[in-house]
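Take any residue in the sequence shown, count from 1 to its spot, add 136: that is its number in our numbering.
Each remark here refers to the structure printed beneath this line.
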Amino acid sequence: MSVAEAAAIQPSYCDTNSSCVCGDGSFGRVNYPVPAQGVLEGVVTGEDASGQAIVTIEQIHGDGGGYAVGGTFVISAYGASEGRRVLAPIGSDRADDAGAQSDAGAPSTLAAVLLDDEGVHQCSSQSVAQRPVSRDLFLAAVQSSDCAGTLAAADSSWADNSCSGGGCAASGADASGPTTLGILIAIVSALAMRGRARRRDPAE
137 MSVAEAAAIQ
147 PSYCDTNSSC
157 VCGDGSFGRV
167 NYPVPAQGVL
177 EGVVTGEDAS
187 GQAIVTIEQI
197 HGDGGGYAVG
207 GTFVISAYGA
217 SEGRRVLAPI
227 GSDRADDAGA
237 QSDAGAPSTL
247 AAVLLDDEGV
257 HQCSSQSVAQ
267 RPVSRDLFLA
277 AVQSSDCAGT
287 LAAADSSWAD
297 NSCSGGGCAA
307 SGADASGPTT
317 LGILIAIVSA
327 LAMRGRARRR
337 DPAE
């Protein structure tokens, strides 16, 4: 296989930048509902027996369904340390969201995003490198009937293709690290060298 052939089969993970918030692309999927009927905002106040973060609700944006301020839900998210602020979009289907509590009375588990100390969510996906989105813009976008359009209205770069900067992102990975194409080319080169060595040594 030549280097050109290796490049031809390299998959392209490109989406609009909005996909890491809205989940509207081929690769930038999100685990929360969009559009959301409401968004729960709270703070991580501890963890349950399984190690999932417990979030206490402080504000409800839009329709909170069966949830109420002071109630709790749990999330499974890396970096969800105590005191971290959380936004959890919820859908209209109570069966999917598990309501305010499960049948067993335990807090329900929701998909959520984490905010930093500046109130900013660093969104990323398989196709989009880390992009900052403010709390207010995230709330407006995920509750809108046009999530991508809401983001683009605030900043036109949200409508750009994630590969337009000269290469596709992969979950905010360090661009200086080895890429899939680079690894594939290295393998092809190694196999080619091995083949030439065998031709030089008929006894092998």
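Even glycine gets a Cβ: it sits at the ideal position worked out from N, Cα and C.
What is the rounded straight-line gap between the Cα of G159 and the Cα of T208?
On the sequence shown, position 23 is the one that residue 159 refers to. On the sequence shown, position 72 is the one that residue 208 refers to. So the alpha carbons of these two residues sit roughly 26 Å apart.
Inside the region 166-243 only - beta strand (DSSP E) runs reaching at least 3 residues
The qualifying runs are 174-183, 189-198, 208-211, 221-226.
Thinking just about the alpha-carbon of each residue, which of R165, G215, Q188, Q262 is nearest to the one in D252?
On the sequence shown, position 116 is the one that residue 252 refers to. If you compare the alpha carbons of R165, G215, Q188, Q262 with that of D252, the shortest gap goes to G215.
Beta-carbon proximity check, P171 vs V256, cutoff 9 Å:
Mapped onto the sequence shown, residue 171 falls at position 35. Mapped onto the sequence shown, residue 256 falls at position 120. Pairing P171 with V256 gives a Cβ-Cβ distance that is not under 9 Å.
Of the listed residues T192, R165, Q188, nearest to E177 (C-alpha basis):
As a working mapping, residue 177 is identified with position 41 in the sequence shown. The shortest Cα separation from E177 among T192, R165, Q188 belongs to T192.
Best match in V264, A284, A295 for proximity to C150 [C-alpha to C-alpha]:
Here residue 150 refers to the residue found at position 14 when the sequence shown is read from its first residue. It is V264 whose Cα lies nearest to the Cα of C150.
Taking the alpha carbon of G194 as the reference point, which residue from P169, D184, V222 has its own alpha carbon closest?
By 1-based counting over the sequence shown, the position of residue 194 is 58. Note on residue identity: the sequence assigns Glu, not Gly, to residue 194. Selected option, being the one with the closest Cα: V222.
Given this structure, state the Cα-to-Cα distance separating L246 from G219, to the nearest angstrom.
Locating residue 246 in the sequence shown gives position 110, where the first residue counts as 1. Locating residue 219 in the sequence shown gives position 83, where the first residue counts as 1. Taking the Cα positions, L246 is about 18 Å away from G219.
Which residues DSSP lists as bridging Q258, in chain order:
Here residue 258 corresponds to residue number 122 of the sequence shown, with the count starting at 1. Residue pairing by DSSP puts Q258 in a beta bridge opposite P268.
How far does the alpha helix (DSSP H) with L287 in it extend, from its first residue to its last?
In the sequence shown, counting from the first residue as 1, residue 287 sits at position 151. Where L287 is concerned, the enclosing alpha helix (DSSP H) stretches over 283-290.
Using only the alpha-carbon positions, how far apart do V205 and G187 sit?
Counted from its first residue, the sequence shown places residue 205 at position 69. Counted from its first residue, the sequence shown places residue 187 at position 51. Looking at the two C-alpha atoms, the distance is approximately 23 Å.
Give the range of the alpha helix (DSSP H) segment to which C156 is assigned.
Walking along the sequence shown from the start, residue 156 turns up at place 20. Following the DSSP letters along the chain, one finds C156 inside the alpha helix (DSSP H) bounded by residues 155-158.
For L251, the first and last residue of its enclosing beta strand (DSSP E):
On the sequence shown, residue 251 is found 115 positions in, with the first residue counted as 1. For L251, the enclosing beta strand (DSSP E) has its first and last residue at 249-251.
If A290 and L273 are in contact, beta carbons under 8 Å, what's the gap, nearest whole angstrom?
Position 154 of the sequence shown, counting from 1, holds the residue named residue 290. Position 137 of the sequence shown, counting from 1, holds the residue named residue 273. About 5 Å separates the two Cβ atoms, so the contact holds.
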